[in-house]
Structures are given as structure tokens and as C-alpha cells.
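Colleague: In the working numbering, the protein residues as written are 893 to 1381. Glycine is no exception: its CB is placed at the ideal position from the N, C-alpha and C atoms. Because the structure is a prediction, the values reported are computed rather than measured. Structure provided below as C-alpha cells; questions to follow.
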Ligand code: HEM
Ligand SMILES: Cc1cc2nc3c(=O)[nH]c(=O)nc-3n(C[C@H](O)[C@H](O)[C@H](O)COP(=O)(O)O)c2cc1C
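As C-alpha cells, this is what we get:
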């Protein structure tokens, strides 16, 4: 393959001829510009130069191989140019945010001082870049659903049974027939590399060590093949599918996952468009102002950016090609016809759809409002309504899973046990795994699983259950202490 100098690449920085350097390789992306899901303008910004640091954290490593024909992989940078790039990187002035993160990383407490998932989240909030934290923590609109997801658990109390033999307590269970050491799984969440260079692989390795199942996101920052390659042969991994609107492309993806050894397809239906996450949308402006001071309205001029404001936020464009016309009648039979894997619908938000899912004969449902990235009922309340109004659904569905809540939602063993009492086979957590791997890598993920295991076993013993089967709906009571507000007219 030919080699190029930085000067040669720099000639190609326009719409008519646009080259970029990624990991010392030179690509011609001119024809790809209009197809780029993140928009042409963002690539043009890096036209003629090195785009590695912008590209790496948010693209799976195989994105270029899969989307650019081999003829557009032009060659490599020559040795001298590689050295120059390295020198430039060393000399580059760090941004204020990068310096803040560096300092915060030097001041992290030892892992032994992390007692709860909130302790872990607090460390992550210090050490994450502004962009990563905004992306991970943001929730829809005014983020009220976010706090309500958490608050839902406080309305449910245990009706604990005593004088039961619980010295031996086994919190293990099965999810879709696969063993899990506790009723918890990793719910697929995108872009783990934003928080740590080893991203999803941190979670895969810790999930193996701790005996829990990982669902990987369609938009993970490592490819599904790389993640599977880093897993143990005995390990169970599920795949979360954002269905492409082109059935053929979607089918190829599903078949690829089946061949790679993923054991179930979780079809996400609650995010066919990106939720309105303003904390994330604002992030680039906050960073800009941190560096160069406040930006003011320029009276008399049009100060709207040429390309408009990116109201989709980070990864918002990742769902741009998703199928917005999925239906029970069409999509489930289609998916059934192309895979033998169990199918779980991720993102059920009301009782009516739980009934339709059962009628469509899917293998499981995952009650979820996407971690409050859309504004529907807290999943725990939906679970409770199903239990109250249509308990027969639990028999129809082999695995009525339950996910969600946000920062402060499922963050305790007691939350998990409340959900399991009400009929959840297991619960999925998203952000806690992102936070833990961002702060301490694989050890951080192991740590939070160990914390959850300790808390789950404690909660089981305190309610009088020695196995998961002993957890019953009557062990939980919903108590809504609405204050009686007497309004004086
Ligand atoms: C060829 C060189 C490429 C460069 C320089 C590049 C660069 C970028 C940049 C800088 C962003 C915006 C990141 C941000 O919001 O902070 C972006 C977004 C995105 N890129 Fe690329 N990209 C490239 C190729 C690709 C390829 C091959 C794909 C796969 C189809 C792809 C898919 C995406 C997607 C889906 C987004 C949207 C992410 C979002 O909404 O934030 N890109 N890209
Ligand atoms: C940063 C972030 C990224 C996410 N990415 C995806 C995704 O790619 N696919 C998906 O089905 N769900 C995604 N989710 C939703 C999670 O699978 C899960 O439902 C949610 O995070 C659970 O709430 P929790 O984060 O409060 O535990 C994401 C959630 C967050 C917070």
C-alpha cells in the first residue's frame, strides 16, 4: 500500500476531495460524506488531517471496514509523518476539561471505600469528561421521569416474613434459561469507550468473573465480534438490536449475531427516535465557553450555526436509520422467520403492550423507559399494574424481565428484590455499569456486582427468602403516602 506525508493528505480537505487519517491510515471519504450518519460537516472539519481522537471513542472499530470500500483505504502515513503526529499530540495544549479529569483521576478513592452504587456514581461524575457525563447521565426533557423512576421504589415496602431458615441463601437464577449468579444483567448501553479506553470489554470480563449476563448495545463502541472474542467460551451474551429500516441489512445483522454466538435478541422499541436530552445537546457549548469565555447574542446578525443545532445530541444520529414502522403484525413474524434465538421486546411501557407482546408469542419483555430517556411511567409501576390487572401475563411469558430506572432507580439490592417479588425474572442496569467501568475499569464493574450480590442476599434473608423462588408478590406492599393537602378556598 502506498504511503503519504501529512502535506499530501492536507491537500484533500474539501467536499470535492476529502481525506482523513485514522490510526495512521489514510482514507478517502469524499463519496461517503453525504452518507455519514453524523453529517458531512463534522467529517469535513477533520478533512486533510488526523481525526483519530474524534473518531475513536464513538465508532466501532469495524465501522470503516464495513462502510468504506477497500479502494477508499488509500494507504498509510509515512514514518516521519507518524512521528510528527505523535510529537504534536504530546505538545498539544490540554483543554480545561482534560486537565480537570486528569486531576480528578489522581484523587480517586481506593475501591475498598466504595460501599454502594451511588458511591461509584459519585466518583464517576468527578472523573468523566464533560461530554461523556452529559451523554451518560442525560434524560428526557426536564429529567423528571428520571427522578420518578427512582422515587417509584420508595412507594413499595417489604412485608417481611420471619422465623424462616435463611442461613443458606442462594440468589442465583436463570434468564431465558441461562444461569446468572444474581437476578441482574447488564442492559445494553451505547459508547462505553467514551468513559474508558477498554469500554465494553471491561464489562464483558467482569460479567464473566461474576457470573452475570451482558447484553451488548447495537451501538457499542467495540464491535460485536471484538466483544465476543474477549468473552469466555462459557459466557452468555445477549444482543440488543436497533432494527435498521432496510430489512435485508437488519437480517444480516441478526444472522451475524447468531453466528458470533449471541444467545438472544433484545429488540429495542422505545427509542425509534432519540429522546430530547438537553444536558447532552448543551455539552459542546459548555465546553466551548469553558475554553474561550461566554458567547453572547450578536445583535443585528444571524448567529444561527450554518448546519443548525444538533438537537439529537451524542449518538442521536445513531438511530437515524432505524425502522420507525415496526408493528406487532409485521416485525415479530419477520424476526421469528430469520432467527431461532429467543426474542425479547425491550421497551414495553404499559400493560396494553405487555398483553400484545404475550399474544405475539415473544419469549420475554423488558419493561423499560430507556433509563428515562423517554418520558413514560416508571417501569416498576408498569410491573405493578401488570401484577394487579393481568397476572396471567407472567405465565404466558417465559421471561417477563424488568429493567430500568436511572441514576437512583435500581441502585440497591432491595430495589432488585422488590421487582423480583412483583414478578420480574431479573433486572437490567445501564448507567451503573458505564460509571463503574469509566472510573475503575474491569475492577469497578466487578465491585458493583459484588455490592449488589451482598445487598441482594441481605434483602432476601431479611424478607425470609432462601431462594429466588421464595420471593412472592405478597412480600411487597405499595404504600402511597400522599399528603392530604387541604386547600383553603
Ligand atoms: C471516515 C471517517 C470518519 C470520521 C472522521 C468521523 C467523524 C465523526 C465525528 C467527529 C462525529 C461526531 C462526534 C460527536 O458528536 O462528538 C461522528 C459521528 C458519527 N459517525 Fe462518524 N466519522 C467517520 C466515519 C464514520 C463511519 C464509517 C460511520 C459508520 C457508518 C460513522 C458513523 C457515525 C455516526 C452514527 C455518528 C453519530 C454519532 C452521534 O450522533 O454522535 N462515522 N463521526
Ligand atoms: C448512556 C445510555 C446509553 C444507552 N444506550 C442504549 C442502547 O444503545 N440501546 C438500548 O436498547 N438501550 C440503551 N440504553 C438504555 C439501557 O439499556 C437501559 O434501559 C437503561 O440504561 C436502564 O436505566 P439505568 O441506566 O438507570 O440503569 C442506554 C441508556 C443510557 C443511559
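1) Taking only three categories from DSSP, how would you classify residue 1055?
2) Threshold first: 4 residues or longer. Then list the alpha helix (DSSP H) segments lying entirely within the stretch 1087–1129, N to C.
3) Rounded to the nearest angstrom, what separates residue 981 and residue 1343 at their Cα positions?
4) Anyone know if the C-beta pair for residue 1162 and residue 1260 falls short of 8 Å?
5) Between which two residues does the alpha helix (DSSP H) containing residue 1408 stretch?
6) Please list the terminal residues of the continuous beta strand (DSSP E) segment that includes residue 1256.
7) Considering only their Cβ atoms, is the gap separating residue 985 from residue 939 smaller than 8 Å?
8) In three-state DSSP terms, what is residue 1336?
9) Is DSSP giving residue 1134 helix, strand or coil here?
10) Can you list, in chain order, the residues of its chain with a C-beta nearer than 8 Å to that of residue 1192? Leave out the 5 residues immediately preceding and following it.
11) Sorry if obvious, but does the Cβ on residue 1302 come closer than 7 Å to a heavy atom of ligand 2?
12) With residue 917 as the anchor, note down where its beta strand (DSSP E) starts and where it stops.
13) Reducing DSSP to helix, strand and coil, say where residue 1078 ends up.
14) Where does the unbroken beta strand (DSSP E) through residue 1370 begin, and where does it stop?
15) Buried or exposed: where does residue 1102 fall if 16 or more other Cβ atoms within 10 Å of its Cβ makes it buried?
16) Helix, strand or coil for residue 1239? Go by DSSP, reduced to three states.
17) Rounded to whole angstroms, what is the Cα-Cα separation between residue 1081 and residue 950?
18) Within 10 angstroms of its Cβ, does residue 1315 collect 16 or more other Cβ (buried), or is it exposed?
19) For my contact list, residue 1277 and residue 1243 are in at a C-beta cut-off of 8 Å; report their separation, rounded to the angstrom.
20) Whose C-alpha, out of 1166, 1137 and 1227, is nearest the C-alpha of residue 1216?
21) Just confirm the distance between the C-beta atoms of residue 1189 and residue 1158, as a whole number of angstroms; I'd bet it's less than 8 Å.
22) For residue 910, which three-state DSSP category applies?
23) Just verifying my parser: in three-state terms, what is the DSSP assignment at residue 1022?
24) Determine the burial state of residue 958: buried for a count of at least 16 other Cβ atoms within 10 Å of its Cβ, exposed for fewer.
25) Round the Cβ separation of residue 1133 and residue 1110 to the nearest angstrom and send it over; I've been treating them as touching at under 8 Å.
26) Pick helix, strand or coil for residue 1188, following the three-state DSSP scheme.
27) Please state if the CB of residue 1303 and the CB of residue 1010 are separated by a distance shorter than 8 Å.
28) Going straight from the alpha carbon of residue 1149 to that of residue 1096, what length do you get?
29) Buried or exposed for residue 952, please, with buried defined as at least 16 other CB atoms from any protein chain shown within 10 angstroms of its CB.
30) Excluding the 5 residues flanking residue 1168 on each side, which residues of the same chain have their C-beta closer than 6 Å to its C-beta?
31) At a threshold of 7 Å, does residue 1167 count as lining ligand 2 (C-beta to nearest heavy atom)?
32) Could you pull the start and end residues of the beta strand (DSSP E) that residue 1070 belongs to?
33) Terminal residues of the continuous alpha helix (DSSP H) containing residue 1006?
34) Would you say residue 1160 touches ligand 2, meaning its beta carbon is less than 7 Å from a heavy atom?
35) Hey, quick one: how far does the alpha helix (DSSP H) through residue 971 stretch, first residue to last?
36) Looking only at C-alpha atoms, which of 893, 1052, 1077 and 1108 sits nearest to residue 1092?
Modeller: Well, looking at it:
1) As a position in the chain shown, residue 1055 is number 163, starting the count at 1. If DSSP states are grouped into helix, strand and coil, residue 1055 belongs with coil.
2) 1091–1102 and 1116–1122
3) The residue given as residue 981 occupies position 89 in the chain shown. The residue given as residue 1343 occupies position 451 in the chain shown. C-alpha separation (whole angstroms): 39 Å.
4) Stepping through the chain shown from its first residue, residue 1162 is reached at position 270. Stepping through the chain shown from its first residue, residue 1260 is reached at position 368. Contact: yes.
5) Past the edges of the chain, shown from 893 to 1381, lies residue 1408, and the structure says nothing about it.
6) Counting from 1 along the chain shown, the entry for residue 1256 is found at position 364. First-last of the beta strand (DSSP E) with residue 1256: 1256–1259.
7) Reading the chain shown from its first residue, position 47 is the one you call residue 939. Reading the chain shown from its first residue, position 93 is the one you call residue 985. In this structure, residue 985 does not lie closer than 8 Å to residue 939 by Cβ.
8) Here residue 1336 corresponds to residue number 444 of the chain shown, with the count starting at 1. Helix, per DSSP.
9) To locate residue 1134, count along the chain shown from 1; it is residue 242. Looking at residue 1134 - three-state DSSP - the assignment turns out to be coil, as it is neither helix nor strand.
10) For the purposes of this step, residue 1192 is identified with residue 300 of the chain shown, where counting begins at 1. Excluding sequence neighbours, residue 1192 sits near nothing in its chain.
11) One-based indexing of the chain shown puts residue 1302 at position 410. True, at least one ligand heavy atom lies under 7 Å from that Cβ.
12) Locating residue 917 in the chain shown gives position 25, counting from the first residue. First-last of the beta strand (DSSP E) with residue 917: 917–920.
13) Stepping through the chain shown from its first residue, residue 1078 is reached at position 186. DSSP places residue 1078 in strand when its eight states are reduced to three.
14) If you number the chain shown from 1, residue 1370 lands on position 478. For residue 1370, the enclosing beta strand (DSSP E) stretches over residues 1368–1370.
15) Along the chain shown, read from residue 1 onward, the residue named residue 1102 stands at position 210. Its Cβ being crowded by 16 or more others within 10 Å, residue 1102 is buried.
16) For this step, residue 1239 is matched to residue 347 along the chain shown. The answer is strand: DSSP assigns residue 1239 an E or B state.
17) Here residue 1081 refers to the residue found at position 189 of the chain shown. Here residue 950 refers to the residue found at position 58 of the chain shown. Roughly 13 Å separates the two Cα atoms.
18) The residue you call residue 1315 lines up with position 423 of the chain shown. Its Cβ being crowded by 16 or more others within 10 Å, residue 1315 is buried.
19) Indexing the chain shown from 1 puts residue 1277 at position 385. Indexing the chain shown from 1 puts residue 1243 at position 351. Contact flag correct, Cβ pair sits at about 5 Å.
20) Working through the chain shown from its first residue, we reach residue 1216 at position 324. Residue 1216 has its Cα closest to that of 1137, out of 1166, 1137 and 1227.
21) Translated into the one-based positions of the chain shown, residue 1189 becomes position 297. Translated into the one-based positions of the chain shown, residue 1158 becomes position 266. Distance from residue 1189 to residue 1158 at the Cβ level is roughly 45 Å; contact not present, criterion being Cβ atoms closer than 8 Å.
22) Within the chain shown, the letter at position 18 stands for residue 910. Three-state DSSP puts residue 910 in a strand.
23) Residue mapping note: residue 1022 aligns to position 130 of the chain shown, counting from 1. If DSSP states are grouped into helix, strand and coil, residue 1022 belongs with the helices.
24) Against the chain shown, residue 958 aligns to sequence position 66. It is exposed - the Cβ of residue 958 has fewer than 16 other Cβ atoms within 10 Å.
25) Reading the chain shown from its first residue, position 241 is the one you call residue 1133. Reading the chain shown from its first residue, position 218 is the one you call residue 1110. That pair is a contact at about 6 Å.
26) Taking the chain shown and counting its residues from 1, the one referred to as residue 1188 is at position 296. Coil, per DSSP.
27) Counting from one through the chain shown, the residue named residue 1010 turns up at place 118. Counting from one through the chain shown, the residue named residue 1303 turns up at place 411. Yes, the Cβ-Cβ distance between residue 1010 and residue 1303 is below 8 Å.
28) Indexing the chain shown from 1 puts residue 1149 at position 257. Indexing the chain shown from 1 puts residue 1096 at position 204. Rounded to the nearest angstrom, the two C-alpha atoms are 16 Å apart.
29) Residue 952 sits at position 60 when you count from the first residue of the chain shown. Buried, since its Cβ has 16 or more Cβ neighbours within 10 Å.
30) The residue labelled residue 1168 in the question sits at position 276 within the chain shown. Correct list, in chain order: 1032 and 1033.
31) Here residue 1167 is taken as the residue at index 275 of the chain shown, counted from 1. Checking every heavy atom of ligand 2 against the Cβ of residue 1167, none is found closer than 7 Å.
32) Counting from one through the chain shown, the residue named residue 1070 turns up at place 178. First-last of the beta strand (DSSP E) with residue 1070: 1070–1072.
33) Residue mapping note: residue 1006 aligns to position 114 of the chain shown, counting from 1. Residue 1006 -> no alpha helix (DSSP H), and no H or E assigned at all.
34) On the chain shown, residue 1160 is found 268 positions in, with the first residue counted as 1. Residue 1160 Cβ: within cutoff of ligand 2.
35) Locating residue 971 in the chain shown gives position 79, counting from the first residue. For residue 971, the enclosing alpha helix (DSSP H) covers residues 971–983.
36) On the chain shown, position 200 is the one that residue 1092 refers to. Of the candidates 893, 1052, 1077 and 1108, the one whose C-alpha sits nearest the C-alpha of residue 1092 is 1108.
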